[in-house]
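Undergrad:
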Amino acid sequence: MQTTPATPYSPAIAASILPADADATAAATPGAADACCPTIQLPPEPRLDLPAPEVTDAVAAAALLADRTRAGIMAMLAEGPHCVCEMASALGERQNNVSMHLARLREAGLVRAARHSGDARWIFYERDEDRCAATAATIAGLLR
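Position 23 of the sequence shown, counting from 1, maps to 16 under the numbering used here, and the rest follow consecutively.
1) By how many angstroms is the C-alpha of residue 36 removed from the C-alpha of residue 137?
2) Can you list, in chain order, the residues of its chain whose CB lies under 8 angstroms from that of residue 125, leaving out five sequence neighbours each side?
3) Distance check for residue 135 and residue 86, CA to CA, integer angstroms please.
4) For residue 86, report the span of its alpha helix (DSSP H) as first-last.
5) So residue 117 and residue 76 are in contact, right, with Cβ under 8 angstroms, and what is the actual spacing, rounded?
6) For my contact list, residue 107 and residue 99 are in at a C-beta cut-off of 8 angstroms; report their separation, rounded to the angstrom.
7) Within a Cβ cutoff of 7 angstroms, which residues of the same chain sit near residue 80, ignoring the five residues on either side of it in sequence?
8) Please list, in chain order, all residues of the same chain as residue 123 whose beta carbon is under 6 angstroms from its beta carbon, the five residues on each side excluded.
9) By alpha-carbon positions, which one of 74, 101, 30, 88 ends up nearest to residue 50?
10) With 16 as the cutoff for other CB atoms within 10 Å, does residue 54 come out buried or exposed?
11) Let me know if residue 130 comes out buried or exposed under the rule of 16 or more other beta-carbons within 10 Å of its beta-carbon.
12) For my contact list, residue 128 and residue 94 are in at a C-beta cut-off of 8 angstroms; report their separation, rounded to the angstrom.
13) Which runs of the beta strand (DSSP E) fall wholly inside the segment 75 to 130 and span at least 3 residues, in chain order?
14) For residue 74 and residue 119, I'd like the C-alpha separation in whole angstroms.
15) Compare the beta carbon distance of residue 138 and residue 97 with 8 angstroms and say whether it is the shorter of the two.
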């Protein structure tokens, strides 16, 4: 009965990939294991009295922008004002769906609406860049 090799490669290929004695090579090289896994300075004991961080605003902002349609709207509005029909067409969504997402973004203060100066029937949406910058800073605060 023939045994199956431990690697999916033939013995000749395995020998060319792995050193003859991989364990002995790692043991003989001081710090070899530390090269891929840096040492972390840990406290002497668990600190059970730490206060919980305030993340409510960052979580709310991230949740608002985590929707694909709302993220697409924000990306489009970075280029300048657009009407609902333009955004709906570009995003492949129905106009009422885009309007619902715009309402959520308006409630958060990230987007504002303005009527077209020539034809008041058209409403164009634009980003509130100051509010967008503040929201980006809030989310970035979690990643620092």
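Virtual Cβ for every residue (Gly too), placed ideally from N, Cα, C.
TA: Concretely, from the data shown:
1) Going from the Cα of residue 137 to the Cα of residue 36 covers about 21 angstroms.
2) For residue 125, where only same-chain residues beyond five positions count, the Cβ hits under 8 angstroms are 67, 103.
3) Taking the CA atoms as reference points, residue 86 sits about 32 angstroms from residue 135.
4) No alpha helix (DSSP H) contains residue 86, which DSSP labels as neither H nor E.
5) Sure, about 5 angstroms apart at Cβ, within 8 angstroms.
6) About 12 angstroms separates the two Cβ atoms, so there is no contact after all.
7) Once the five neighbours on either side are set aside, the close Cβ partners of residue 80 are 66, 69, 91.
8) Excluding positions up to five away in sequence, the list is empty.
9) Ranked by how close their Cα comes to the Cα of residue 50, the residues 74, 101, 30, 88 have 101 in first place.
10) Under this definition residue 54 is a buried residue.
11) Exposed is the call here.
12) Incorrect: roughly 16 angstroms between the Cβ atoms, too far for contact.
13) Listed in chain order, they are 104 to 108, 116 to 120.
14) Their Cα atoms are separated by approximately 5 angstroms.
15) Residue 138 lies beyond the residue range present for the chain, which begins at -6 and ends at 137; the question has no answer from this structure.
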